[in-house]
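What follows is one structure encoded as C-alpha cells, with my remarks underneath.
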Amino acid sequence: MRIHRIVLDHFRGVDAAAIEFDDGVTVVEGPNEAGKSTIAEAISVLFDHRDSSRRQEVRAVHQIGADVGPYVEVDLTIGAYDINYSKRFLRRPSTSLRIGAPTPEQLTGREAHDRMTTILKETLDDALWGAMRVAQGASLDQPDLADVGVLRAALADGEPVGGSDGESDHDLIARVATEYARYFTPRTGQPTGELSAAVDAHESARVAHDGLTAELESVEAVVRRHEAIDAELGRLADEEADHAVRLTEVQRDDQALTGLRAAYDEAVAAVEVASGRLHDAGRAVAARTELIEELRERQATVTRLDTELAALGADVEALGRAADQARDAAHTARADVRAAEAAHRAATDAAHVIRLGREADDLDERVGRAERARDDALAAEAVLAGVQLDDAGFERLTGLDAAARAARELRRVGASTIEVEPIGATDVRVQGAEPDADGRRAVLEPTTVEVPGVVRVTVRPGRAEGDLADDVDRAEAALTAALDEAGVADVRDARDAVCRARDAGATREVARARVRDALGDADDLDSLVASASATRERHRDLLSRHEGDLPATSAAADAAADTARGASDEAARKADDLDRLAREHEAAVSAAREAHARCEQRRDGEHAEVERVGVRLDHARAETSDDALGAKVDEARTALDAAAHERDRAGAALDAAEPDDVAARLSNAEAVTRRLGRARRELEDERQQLTGRLDGFASRGLHDQHDAAAAAFEQTEGELARVERRADAARLLYDTLRQHRDTARRRYVAPYRAAIEALGRIVFGSDLSVEITDDLAIASRTLAGRTVAFDSLSGGAREQLAILGRLAVASLVDPVEGAPLILDDALGHADPERLDRIAAVLNRAGESHQIIVLTCHPERFRSVGSAATVRLGTLSA
Amino acid sequence: MRFIASADWQLGMAAAFLDDEARPRYTQARFDAITRIADLAEQRDAAFVVVAGDVFESNHLDRAVIARAFEALRRVPVPVYLLPGNHDPLDASSIYRSRQFRNGCPSHVHVLESTAPVTVDGSDAELIGVPWFTKRPLTDLVADALSGLEPTDATRVLVGHGRTEALNRDRHDPTAVDEDALRSAVDDGRITFAVLGDRHATYAVSDAIWYPGTPEVTARREADPGNVLVVDLDGSGPTTEKVSVGEWTFTEHAAEVTHDADIEALEAALDDRSGKHRTAIWLRLSGTLSVAQRARLDDVVERAADVYAGVALVGEPGELVVVPDDHDFSDLALVGASQSAVDDLVREARSQGRDARVAQDALGLLYRLTRSGR
C-alpha cells in the first residue's frame, strides 16, 4: 500500500490540510499542536469505522464547537487498486470510494465502506499494518511480527502460509487453543475446566458409590450375623434341654446326701456332749483329791514351824550375852588410849625445846658474819670515794697529754734557729746566758744575743712561729684543765688513782656478797638481829616451863617421841576393833529377834488355814461322798464310748454316698446352666441390637440410594471417558499445530535476522549481530563481543533496533503487499552521529518503501537525502 | 383350573444405563406390568396369580416401593401369592416382615413364608412355596421341599426359585435346582406343576416345569423377556400359554458402517422403531469412516439419543475406525504449518498405532472447528 495524499477538514486540531506523500521518505514537520499525529489517527479512523459510527474514537476527532463533521480523504494505491477514499463523520456523514484501476468503480455510503473493507482485507495484512505504525511515545517497543502473514510468506521464501480466503494459522490455532483451554491450563497443561470437573464428578460419584456399597455390605453382614445368631440360639435351646435332664439327676443325688450329712452332724454333736460330761466328772474327783492333799500339807507345815520357833528363841539368849561382854572390853581399851596419847605429847615438847635452842645459836652466828662483811664494804667504799677519775676520763687525759707533747714537738722542729758561735773571747750572751755548746738555739721567743756592751741583738720569732706557740699553749691549757678536774698532778698520778679505784670496787662487791649470804632469808641485817633475839626469847620461855630432864640430843628426843606415838596408835586400833565387835553382836541379837517374830507370825497363819480347809472338806464330803464321785466318772465314760460309735457309723454312711463327687457334678451342672443362660442372653441381646440396626437401615432405602449412586457413577464414568477422549483429541491437535507452527517460525528467523543485521551494521558497525526469538522479536544485541538483552539496552539503542526491525520488515515484504512505515515523533533518543547513520538507512529503505515521518523536530531527519519535507503548520488554516 | 404364573418382578429396580429422564419411567413400568397381569387375570378368569420369587429388587428398598406395589396389586381381582427369592429373602431385613408390608398388605395378597402347603383361597388347589430365607442357602431348597412330600390326587403347584443345573453357569452352586428331582416329582404325582423364578427369559424345562420369566425386560441380553404364563391344569396334562405383557425393549443393534449409504440405513433403522421412548438400544458398529462420515454418524446417534430411552455405542476399540480421506480437509485449503500438522495427524490416524484413535478424534475436532469457524 502506498499513500499518496491525505486531506483533512475539521479534523481534531487541524482545520484544513492536504499533504502529498512521496513514494520514498516524506517528513511531515510541524509543532506538536499542529496535529501531525492526527495523520496516523485519521487513516485509522477512515479505515476502521463507518461514517455513521459514534464510537469514542470517532467522537474524539471532532473539533470542539465546529458545526461541520470531521472529514478525511485519502489517495492510495493498494494491491492492484488505485483508490480515492473519503469519509465525513458525525454531521452529515458520508462515504465515497472511487476506484481508478484496475476496473473503475464508484461507490458511496455503506457499499463504499464494505467494498473498501473487502479490498483492505484482501490486500493488506492487518498485523503488518499495525506493526508498521509507530505511535507517538511507543517508539521503543518492538513490532509484534509473530502473526504477520505477508512477512512470514516473504521469509518462508514463497511458501504459502495462509488460506486464500483469509483463514490463517493464527485464527485456527486460536480456536484450537480455546478448545484446549476447555480441558487444560495453557501454561502447564494441567487438567482444568471440563476435564477436571469430570474427574472430580467421577471421583465424588465413586466415593459416594463406594460408601453406599460398603453400607449395603454392612447391612448384609448384619443380616448374616442375625441368621447366624438364630442358628446358634436353636443349638443353644437343644443344649439347654439336654442339660436340664442331667441337672435334675444330679440334684436328686444331692438331696439324698443332705440327709446323711445331717445324721452325721447330729452324731458328732452327741459325742461332744458326752465328752463334756466325762470331763466334768473327772474334774470333780480331782478337786476333792486336791482339797485333801492341801489339808495334809498345811498341817505338816504348822508342825515344822513350831520346831523352828523354839530354836530361834535359844539363839536370841546366847547372842545377848556375847554382846554384853564385847561392850565391856571396848570400854577398857579406850582408857589405855588416852594414857598413851599423853606420853606422846610430852616427848614431842622436849624435842621442840632442843631444836629451838639450836636455831637461836645459829642465828647469832649469822649476825656476827654479816656485821663483819658490812664493815669491809664500807672501807672499800671510802677508797672509791677518793678517786674522781674513771676509765673514760683517764683515756681522755692520756689523749690530751699526747696532743700537748705533739704540739710542743711541732713548735720545736718548725722554729727559726739562731746559732751563736763566739769567735773571740768576747762575752756573748744569749738570753742573758752563755750559748750552748753547739751554739744553736731555737727562736721560740724574742731572743737576745748580747755582746754586752757591744751589741744586743734581739731575734723575734716570725708570725708562723707565733701560731705554733699558740697551739702549744692551747694544748697544754686543755691538759692542765683536765688534770685539775681529775684532781691529779699528772698522767702517771692519774694511772695510779684508776688502779686503786678498781681494787676497791672488787673488794666492795665481795663484802656485799658475804653480807647477803649471812642474811639468808632475812630481809636485812636488822630483821636478822630481831629474829635471833626473838628465837632466843622463846627458847628460854619453853625451857623454863619444861618439866623433867631433857634428852641429850635432838635425835634422842625425836626417837622418844616416835616411840610414844607408836604406842598411842596401837592402843587406838585395839579400842576401835573392840567397838566394832560390840556393834556386831548387838546387830546379831536384833536380827535373831526379828526372825523369831516372823516365824511366829507364819506359824499362826498356817494354823488358821488348816482350820479353814478342814471346814471346806467337811462340807464337801457332807454333800457328795468320795465314792459317789468315782461312780459318776465311770458312768460318763461309758456314754461317750456309745456316742463315738454312733458317729463313726454315720460318717461311714456319708462317705459311702461319695459327697465330693456329687458336689463336683452339681457345681459343674450349675455352671453349665449359667453359661448356657449367659450365652443365650448375650445372643438375644445382640439379636435385639441387630434388629434395631436393621430397622434403622430399613427406613433409609439404601438399595435405592445405591442404585442412584451406581447410576451416577456409571454416568460420570462414561462422561469422564468422553471428556478425556475429547481432551486427548484437543491436546493432540493443539500440540501438533503448535509444534508445526513453532517449527515454521524458526524457519523465518534466519532471513529476518539477516535483514536486521544488514541494516543494523550501517548504524552500529560491522560487528553487530542480533538474536531473534521464534516470535520474531529481537532478544539481544551483540556488539564487539558483548551481548546485551534487548530490554537492558539504552532507550536509544532499543528505539533504533525497533526501527531497524520495521525497516527490515519493509525491506522483506513486497512493496505492493506491504504497508507504509509511519514513524511518529521517533528517534528522540538518538545522538547526532547515530541520527546520521539512521538517516542513511532510512534513505536506503526509502528507495523501495514508503516511509512517512511525523515529527516536530525536522532537524533529526535533515540528513535523509531523498526525503521530501512537508511543513504541516503552513498548511494549517 | 387356570392360574397365571409370573416371576422376577424386581420392583424398585433402577436402570443406571438409561437416561435421567427415562429411568423413573422405567421404574414405574415394572409396577405397570402388574396392572396388565391384573387385566389378563380378569380376562382369562384365572383362579390366582403366583410370583416365583424376586418380587422386590432388594430388601433394602425405600419403603415407598411397598405402597406402590400394593397399589398395583389391588387391581388384581384374584388371590396373589408372592414368594421370597434370592433378591428379597425372608431374612432379618426382609421387606415382607417390614411394618409397612404387614400393615398395608391387601387381604388377597399372600406371602409364601414356608414350605407348608397352602390352599388357594376359593379353590381346591394346593401351593407348595419354597421361599428363600437367606441370600446364600447351602442346599437345593426345592429338592428339600420335594423330599418331604407324598403323592397326592389334589392339584398341587410347587413355586420355587433358582436355576436348574443346566441353566446355572456356576457348576458348584449348592442352590442349583435338581431338574431330575422335579421331573420325578411330577411323574410320581407329588406335584402337578412347578413354577420357577430367577431366569428372566420364559423357558420350559418340561411341559409341567416352567420359568415364566420377568414380565418386563431387565437387561439387554435377555432372550425372551416380558411374558407371563397362563397355565391350565384341567384335563389330561398341563397346558401353558405365553402372553406378552412387557412394554419396554432393551436391544442390541449391530451394523457395519463404511459407506454413506450405511449411515443412512442405520438412520432409517433407528427411525423405524416404534416405542422409542421405551427402548434402550446398544449400537455395535463396525467399519471404516472418513472424518466427515464420522461426524455425520455422530449426528445420527445424537438425534437418536434424543428420542430413545437410551442409546449407547458398544464394541471393541478398532471395530469402528475413522480414517481421514483426501476430501476431509481439502476444501479448507490449509497451507503451511497447519497443513503439515494435519498431514501428521492423518498419518497417525491411518496407522495402526495406539494413538490412532486420538489422532482420529483430533481430526474430528479440527473438522468441527474449521466448519464452525465459518
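Heads up: the sequence lines are chains A and B, in that order. For what it's worth, our numbering labels the leading residue of the first sequence as 1, then goes sequentially. For what it's worth, our numbering labels the leading residue of the second sequence as 878, then goes sequentially. Beta carbons: idealized from backbone N, C-alpha and C, even for Gly. These figures come from a predicted structure and were not determined experimentally.
Practice task
Compare the Cα-Cα distances from A/H113 to each of A/L124, A/T95, A/A595, A/K121 and report the closest residue.
Solution key: To locate residue 113 of chain A, count along the first sequence from 1; it is residue 113. Among A/L124, A/T95, A/A595, A/K121, the Cα nearest to that of A/H113 belongs to A/T95.
Handout entry: Below-8 angstroms beta-carbon distance, A/R54 vs any chain B residue
Key = As a first step, residue 54 of chain A is located in the first sequence; it is residue number 54 there, counting from the start. Chain B contact via Cβ: absent.
Practice task
Compare the Cα-Cα distances from A/H546 to each of A/I354, A/R798, A/S86, A/A228 and report the closest residue.
Solution key: Within the first sequence, the letter at position 546 stands for residue 546 of chain A. Looking at the Cα atoms, A/I354 is the closest of the given residues.
Exercise for the section: Mind checking the region 714-728 of chain A against chain B and listing, in chain order, the residues whose C-beta falls within less than 9 angstroms of any C-beta there? Expected result: Listed in sequence order: E714, Q715, G718, R725, R726, D728.
Exercise for the section: Quick one: using the 10 Å Cβ neighbour count with 16 as the cut-off for buried, is A/H849 buried or exposed? Expected result: Translated into the one-based positions of the first sequence, residue 849 of chain A becomes position 849. So A/H849 counts as buried.
Problem - is_contact[B/H937, chain A] using C-beta, thresh 8 angstroms - result: Within the second sequence, the letter at position 60 stands for residue 937 of chain B. Taking Cβ atoms only, chain A reaches closer than 8 angstroms to B/H937, which makes this a yes.
Practice task
Under 7 angstroms Cβ to Cβ from B/W962, same chain only, skipping five residues before and after it: list those, please.
Solution key: Reading the second sequence from its first residue, position 85 is the one you call residue 962 of chain B. With the sequence shown as reference, residue 962 of chain B is identified as Gly, and Trp is not the correct amino acid for it. Closer than 7 angstroms at Cβ, skipping near neighbours: G930, D931, W1009, H1038, G1074, D1075.
Practice task
Please list the segments of the beta strand (DSSP E) lying wholly inside the region 41-86 of chain A, counting only runs of 3 or more residues, in order along the chain.
Solution key: Within the region 41-86 of chain A, the beta strand (DSSP E) runs of at least 3 residues that lie entirely inside it are, in chain order, 71-78.
Problem - Neighbour list for B/R940 in chain A, Cβ cutoff strictly below 8 angstroms - result: The count along the second sequence starts at 1 and reaches residue 940 of chain B at position 63. Annotation: Cβ neighbours of B/R940 in chain A (cutoff 8 angstroms, chain order): A698, S699, G701.
Handout entry: A/V610 - DSSP class collapsed to helix/strand/coil
Key = Translated into positions along the first sequence, residue 610 of chain A becomes position 610. Reduced to three states, the DSSP call for A/V610 is helix.
Exercise for the section: Please decide whether A/A708 counts as near chain B, where near means a Cβ-Cβ distance under 8 angstroms. Expected result: Translated into the one-based positions of the first sequence, residue 708 of chain A becomes position 708. Yes - at least one Cβ of chain B is within 8 angstroms of the one on A/A708.
Practice task
Check the Cβ-Cβ distances between B/V1235 and every residue of chain A, and say whether any is below 8 angstroms.
Solution key: What you label residue 1235 of chain B is simply residue 358 of the second sequence in a count that begins at 1. Interface criterion met: the Cβ of B/V1235 is under 8 angstroms from a Cβ in chain A.
Practice task
Indicate the three-state DSSP secondary structure (helix, strand or coil) for A/P160 in the structure shown.
Solution key: Here residue 160 of chain A refers to the residue found at position 160 when the first sequence is read from its first residue. Low confidence applies here, because A/P160 scores a pLDDT of 45, under 50, leaving its location unreliable; read the following figure in that light. In this structure, A/P160 counts as coil in the three-state DSSP scheme.
Practice task
Inspect the CB distances between the region 760-773 of chain A and the region 827-843 of chain A and report whether three or more fall short of 8 angstroms.
Solution key: Counting C-beta pairs with one atom in each stretch, the region 760-773 of chain A and the region 827-843 of chain A have three or more that are closer than 8 angstroms, which means they touch.
Exercise for the section: Report the option in A/V28, A/S86, A/G630, A/G30 whose CA atom is closest to the CA atom of A/F47. Expected result: Position 47 of the first sequence, counted from the start, is the residue given in the question as residue 47 of chain A. The alpha carbon of A/F47 has as its nearest neighbour, out of A/V28, A/S86, A/G630, A/G30, the alpha carbon of A/S86.
Handout entry: Buried or exposed by the 16-neighbour rule on C-beta atoms within 10 Å, applied to B/L1190
Key = For this step, residue 1190 of chain B is matched to residue 313 along the second sequence. With fewer than 16 other Cβ atoms from the protein chains shown falling within 10 Å of its own Cβ, B/L1190 counts as exposed.
Practice task
Indicate the three-state DSSP secondary structure (helix, strand or coil) for A/I423 in the structure shown.
Solution key: To locate residue 423 of chain A, count along the first sequence from 1; it is residue 423. Of the three classes helix, strand and coil, the one that applies to A/I423 here is coil, per DSSP.
Exercise for the section: Note down, one range per segment and in chain order, each beta strand (DSSP E) of at least 3 residues found wholly within the region 884-967 of chain B. Expected result: Runs of the beta strand (DSSP E) inside the region 884-967 of chain B: 925-928, 957-959.
Handout entry: Buried/exposed call for A/D436, threshold 16 Cβ in 10 Å
Key = Stepping through the first sequence from its first residue, residue 436 of chain A is reached at position 436. Looking at its Cβ environment, which holds fewer than 16 other Cβ atoms inside 10 Å, A/D436 is exposed.
Problem - Residues from the region 195-228 of chain A in contact with chain B, defined by Cβ distance under 8 angstroms - result: Answer set for the region 195-228 of chain A: L216, V219, E220, V222, V223, R224, H226, E227.
Problem - Proximal residues to A/D831 (C-beta, below 6 angstroms), its chain only, five neighbours per side dropped - result: Residue 831 of chain A sits at position 831 when you count from the first residue of the first sequence. Taking C-beta separations shorter than 6 angstroms and ignoring five residues to either side along the sequence, A/D831 has no partners in its chain.
Practice task
Run the CB neighbour count on B/I881, radius 10 Å, all protein chains shown included, and call it buried at 16 or more, exposed below.
Solution key: Here the question's residue 881 of chain B lines up with position 4 in the second sequence. The residue is buried, with at least 16 neighbouring Cβ atoms inside 10 Å.
Exercise for the section: Could you confirm whether any beta carbon from chain A is found closer than 8 angstroms to the beta carbon of B/D1064? Expected result: Along the second sequence, read from residue 1 onward, the residue named residue 1064 of chain B stands at position 187. Not a single CB atom of chain A sits nearer than 8 angstroms to the CB of B/D1064.
Handout entry: Partners in chain B for A/V749, counting only beta-carbon separations shorter than 9 angstroms
Key = Position 749 of the first sequence, counted from the first residue, corresponds to residue 749 of chain A. Here the premise fails: no neighbours, minimum Cβ distance about 14 angstroms.
Problem - Closer than 8 angstroms to chain A by CB, B/F1206 - result: Looking up residue 1206 of chain B in the second sequence gives position 329. With a threshold of 8 angstroms between beta carbons, B/F1206 makes no contact with chain A.
Handout entry: Contacts around B/H1077, its chain only, beta-carbon distance under 6 angstroms, and the 5 residues preceding and following it disregarded
Key = Taking the second sequence and counting its residues from 1, one reaches residue 1077 of chain B at position 200. Cβ within range, chain order: D885, G1090, T1091, T1095, E1099, P1102.
Exercise for the section: Take A/L444 and list the residues in its own chain whose beta-carbon comes closer than 8 angstroms to its own, dropping the five residues that flank it on each side. Expected result: Residue numbering aside, residue 444 of chain A sits at position 444 when the first sequence is read from its first letter. Within the same chain, A/L444 has close Cβ partners R411, R412, A415, P461, E465, A469.
Handout entry: Residues near A/L827 by beta carbon distance below 7 angstroms, same chain, minus five either side
Key = Here residue 827 of chain A corresponds to residue number 827 of the first sequence, with the count starting at 1. Closer than 7 angstroms at the Cβ level, and outside the excluded window around A/L827, lie E799, L835, I838, R860.
Problem - Distance CB(B/V1168)-CB(B/G1241) smaller than 8 angstroms - result: Translated into positions along the second sequence, residue 1168 of chain B becomes position 291. Translated into positions along the second sequence, residue 1241 of chain B becomes position 364. Yes, they are a contact pair.
Problem - 7 angstroms Cβ shell around B/T1126 - same chain, five flanking residues per side excluded - result: Numbered from its first residue, the second sequence carries residue 1126 of chain B at position 249. Once the five neighbours on either side are set aside, the close Cβ partners of B/T1126 are V1094, G1152, R1155, T1156.
Handout entry: Continuous alpha helix (DSSP H) stretch holding A/N843: start and end
Key = Working through the first sequence from its first residue, we reach residue 843 of chain A at position 843. Looking at the DSSP string, the run of the alpha helix (DSSP H) that includes A/N843 is 832-846.
Handout entry: N-terminal and C-terminal residue of the beta strand (DSSP E) that B/H987 is part of
Key = Here the question's residue 987 of chain B lines up with position 110 in the second sequence. B/H987 -> beta strand (DSSP E) spans 986-988.
Exercise for the section: Assign A/I19 to one of three DSSP states: helix, strand, or coil. Expected result: Residue numbering aside, residue 19 of chain A sits at position 19 when the first sequence is read from its first letter. When DSSP states are grouped into helix, strand and coil, A/I19 belongs to the strand group.
Problem - Three-state secondary structure (DSSP) of B/F1010 - result: Taking the second sequence and counting its residues from 1, the one referred to as residue 1010 of chain B is at position 133. In the three-state reduction of the DSSP assignment, B/F1010 falls in the coil class.
Problem - Option in B/T1052, B/P966, B/A949 with minimal Cα separation from B/I914 - result: For the purposes of this step, residue 914 of chain B is identified with residue 37 of the second sequence, where counting begins at 1. The shortest Cα separation from B/I914 among B/T1052, B/P966, B/A949 belongs to B/A949.
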